[in-house]
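Peer 1: If you're matching them up, the sequences are chains Y and G in order. What the first sequence shows, in our numbering, is residues 1 to 304, in sequence order. What the second sequence shows, in our numbering, is residues 1001 to 1390, in sequence order. Don't be surprised by glycine CBs; every beta carbon is placed ideally from N, CA and C.
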Amino acid sequence: MSARRIFSRPARFAAIAPYVWMVLFFLVPFAFVAKISLSQTAIAQPPYTPVFSLADGLSSLSDAFAALSLDNFRLLLSDDLYLSSYLRSVVVAVTSTAILLLIGYPIAYGMARLPRRWQGIAMMLVIVPFWTSFLIRIYAWVNILQHDGLLNQILLALHLVSTPVVWLSTDSAMYVGIVYSYLPFMILPLFATLTKLEPALEEAAADLGASPREIFWLVTFPLSLPGVGAGALLCFIPIVGEFVIPDLLAGSKSLMIGQTLWLEFFTNKDWPVASSIAVVLLGVLLLPLLLYDRLQRRQLEAQR
Amino acid sequence: MADEIATPEPAAEPAPSPSAEPRPDPQPPILRIENVVKSFGSFRAVDGVSLDIRAGEFFALLGPSGCGKTTLLRMLAGFETPDEGRILLSGEDIAQVLPHERPVNMMFQNYALFPHLNVRDNIAFGLRRAGLPRAETATRVAEMVALVKLEGLEKRKPDQLSGGQKQRVALARSLARRPQVLLLDEPMAALDKKLRESTQFELMELQRKLGMTFIIVTHDQEEAMTVATRIGVMNAGKLEQVAVPRRLYEEPASRWVAEFVGDINLFEGEVTAREPHRLRVVTQAAGELVAAQPVAPISETKVAVAIRPEKIRLALRRPAADAAAINCVEGAITDASYLGGKTVYKIRLDGGAVLHASQANTARLDADGYGLNQRVVAWFTPDDCVVLER
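(1) To the nearest angstrom, how far is the alpha carbon of residue 1208/G from that of residue 1214/G?
(2) Express the C-alpha separation of residue 210/Y and residue 1053/G in angstroms, rounding to a whole number.
(3) Nearest to residue 1289/G by CA position, among 1307/G, 1205/G, 1297/G, is which residue?
(4) Out of 1267/G, 1084/G, 1130/G, which one is the CA nearest neighbour of residue 1309/G?
(5) Using a beta-carbon distance below 7 Å, is residue 1260/G in contact with chain Y?
(6) Taking 7 Å as the threshold (C-beta atoms), are residue 1037/G and residue 1072/G in contact?
(7) Residues of the stretch 1041-1071 of chain G in Cβ contact with chain Y at a cutoff of 8 Å, in chain order, please.
(8) Taking contact to mean at least 3 C-beta pairs separated by less than 8 Å, is the stretch 1049-1069 of chain G in contact with the stretch 1092-1099 of chain G?
(9) Measure the C-alpha to C-alpha separation of residue 1080/G and residue 1059/G and round it to an integer number of angstroms.
(10) By Cβ distance below 6 Å, which residues in the same chain neighbour residue 1157/G in space, the five residues on each side in sequence not counted?
(11) Given a threshold of 16 other Cβ atoms within 10 Å of its Cβ, counted over all protein chains shown, does residue 217/Y qualify as buried or as exposed?
(12) For the stretch 221-245 of chain Y, which residues have a CB atom closer than 9 Å to at least one CB atom of chain G, in sequence order?
(13) Taking DSSP as the reference, what is the three-state secondary structure of residue 1328/G?
(14) Is the CB of residue 1108/G under 7 Å away from at least one CB in chain Y?
(15) Under 7 Å Cβ-Cβ, which residues of chain Y neighbour residue 1029/G?
(16) Can you round the beta-carbon distance between residue 1378/G and residue 1312/G to whole angstroms, since I take them to be within the 8 Å contact cut?
(17) Verify the CB distance criterion: does residue 351/Y have a CB-CB separation below 7 Å to chain G?
(18) I need the boundaries of the alpha helix (DSSP H) containing residue 1166/G, first residue and last residue.
(19) Using the Cβ count rule (16 or more neighbours within 10 Å means buried), how would you classify residue 48/Y?
(20) Do you know offhand how far residue 1128/G's Cα is from residue 96/Y's?
(21) Residue 1214/G bridges to which residues according to DSSP?
(22) Hey, out of 1251/G, 1234/G, 1217/G, whose CA is closest to residue 1399/G's CA?
(23) To the nearest angstrom, how far is it from the Cα of residue 14/Y to the Cα of residue 191/Y?
(24) Going by the C-beta, is residue 99/Y closer than 6 Å to any heavy atom of the ligand GTP?
(25) At a Cβ threshold of 7 Å, is residue 210/Y touching chain G?
(26) Please report the Cβ distance between residue 1340/G and residue 1376/G, rounded to the nearest whole angstrom; I am assuming they are in contact, meaning their Cβ atoms lie under 8 Å.
(27) Return the Cβ separation of residue 1107/G and residue 1065/G in integer angstroms, given the expectation that the two are a contact with Cβ distance under 8 Å.
(28) Quick one: grab the DSSP three-state call for residue 167/Y.
(29) Can you tell me the Cα-Cα spacing of residue 199/Y and residue 1385/G, whole angstroms?
(30) Along the alpha helix (DSSP H) that carries residue 66/Y, what are the first and last residues, could you check?
(31) Within 7 Å (strictly less), CB to CB, does residue 200/Y reach chain G?
(32) Determine whether the Cβ of residue 206/Y lies closer than 7 Å to any Cβ atom of chain G.
(33) With 16 other CB atoms within 10 Å as the buried threshold, where does residue 163/Y fall?
(34) Among residues of its own chain, excluding the 5 on either side of residue 1243/G, which ones have a beta-carbon nearer than 8 Å to its beta-carbon?
(35) Residues of chain G with CB closer than 7 Å to the CB of residue 214/Y, please, in chain order.
(36) At the level of alpha carbons, what is the spacing between residue 123/Y and residue 1220/G?
This is the structure:
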């Protein structure tokens, strides 16, 4: 029996596995959500109509299909609340990603330049916050930022302010929370790209007369762009849908789309509108993903 | 050693190019390395190297890996700073000058081409940093592209080039700034054998055409001998010998150089008689040998007699020549390797040692030479022997 025979069966299964996973845990649930987004809210169990049921025969099934409508999406367009929530989410995500990049890049760059034996320790330090529950860490920030919290106590003790500053329930508090929570997701892909850079490239640039600043902007930074893209996506996408951090740290004046969705689903018990919000959100998030994918493919084609 | 530079070569010696003939010129060397030391922790990578390199020379630093040759080159490029000593370029100490401020360029071992830039932008990189006007940069790049025969590939990215083409881009990029000295770090290590040979000749031609000073680092002695007008052999951070290729091979300055460069037979023995031009050396493995007195006389009595395999002739019986004028040793052939141009025999001498002898296969119709276990007489003249300190 040849070696190929022995290995081909599990290998073929392994190739199918991710597709099975995608269908079972993404496509099927999404189909449910999409269907509900086309339904109408009802005081019933489940709280929407129509309900597809084979028990009443095929004709009722076609009636149910006929009852589906795009009304919920029209509502999303007509009410400012939703548009402004989407907009705020995107603005918050873009701003946070930019701040994360500004803070994360120098850290990743410094880590990549550490001697090998220190790099592991630095990596541990970046990952170590994950050992504590995310929720507890956000509550810790509430504690630090509240009226008589640690930050105000320090500021008062140093006589930098005379009365406590309002930190909690502001956008600044929310940005602090987001940047703090997502920093490792920015640092790790950047670090991975920067450590893979051949040191000889920077030496070659120096040899050809490039100053340290020119070396960075002409060689190091352009070559780290794949890491920048990966880090930015890894942060941007979950931040757009972020719910916990703005809910606990930001004020309640304007909501991010995740909070609006929560409101529709749990407070208003309007599953169809909540579902349509989720469907549109997915569309919003697909856009940067597709863009990134196309850029990467173009890069690969250029290399060929 | 380093003082070799001042010694004129014997007139009879043919040199590969006119610049190899050291003129007693009053002009100072373009590059002077003075007592340079570089340590990494407790390891002295470069241990007191002094060396003069003349303008227009093609100089090779040859040595096994870890001998310090690359560290020395990196100090010339400015990537390492010497702990002690001076590096004078055109009379100016550049030991502390940063790499991007030196009129020296380097061609890197794996080329270190910028993967995000195309061929043209790679070559133009150094020119743009020098603030050359746009038009002049363009003409200089075109010049370089023509010089290394890369026309038509200007818009390709490094990933779309073959190994040989990448090597040319790297060469063009390092030459574009017209450096006073070009450093080449194992420039042909990544090429296959055939391509390497043709590239060596192209490199020599280029160097002669440009009249530039080239310093190449290599562990490949054939490559060093092919391209370089002068070779510095390094071992354990020190320069063992600096000489033209022929002297390095025929007059090695130390036992280490003799063994490192090419194949050699060594017989340890004691000097028993010193005649005006000859030494008599009694060896355990080959009996009494007569060797020519080396140029720099040896005062030691414990010596090693070295003979290159191709200097040894084989015969079925003792030649009729004056027994006092030649050395004869007898033994049986234990191994014969036919290599095309030559056949290398291993002969177990009656004294126990194994002798390597190579015979040129000069005629196509020759018989197969000597067979296994055949008894032969190996003979060589006193002038074929090099006497070295042990």
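Peer 2: On the basis of the data shown:
(1) 10 Å
(2) 27 Å
(3) 1307/G
(4) 1267/G
(5) no
(6) no
(7) none
(8) In this structure the stretch 1049-1069 of chain G does not touch the stretch 1092-1099 of chain G; the number of beta carbon pairs closer than 8 Å is below three.
(9) 20 Å
(10) Cβ contact annotation for residue 1157/G (same chain, cutoff 6 Å, sequence separation greater than five): 1118, in chain order.
(11) With fewer than 16 Cβ atoms within 10 Å of its Cβ, residue 217/Y is classed as exposed.
(12) 222, 223, 225
(13) strand
(14) yes
(15) Near residue 1029/G there are no residues of chain Y at all, since even the closest Cβ is about 22 Å away, more than 7 Å.
(16) 5 Å
(17) For chain Y, the structure presents residues 1 to 304; residue 351/Y sits outside this window and is missing.
(18) 1163-1175
(19) Around the beta carbon of residue 48/Y, 16 or more other beta carbons sit within 10 angstroms, so the residue counts as buried.
(20) 36 Å
(21) 1058/G, 1182/G
(22) The structure shown does not extend to residue 1399/G, since chain G is modelled only from 1001 through 1390, so no value can be given for it.
(23) 30 Å
(24) The ligand content of the structure shown is nil, which means the ligand GTP is not present either.
(25) yes
(26) Incorrect: roughly 22 Å between the Cβ atoms, too far for contact.
(27) Not confirmed; about 19 Å, so no contact.
(28) coil
(29) Distance between the alpha carbons of residue 199/Y and residue 1385/G is about 48 Å.
(30) Residue 66/Y: member of the alpha helix (DSSP H) spanning 58-67, first to last residue.
(31) yes
(32) yes
(33) exposed
(34) 1004, 1230, 1231, 1251, 1253
(35) 1129
(36) 41 Å
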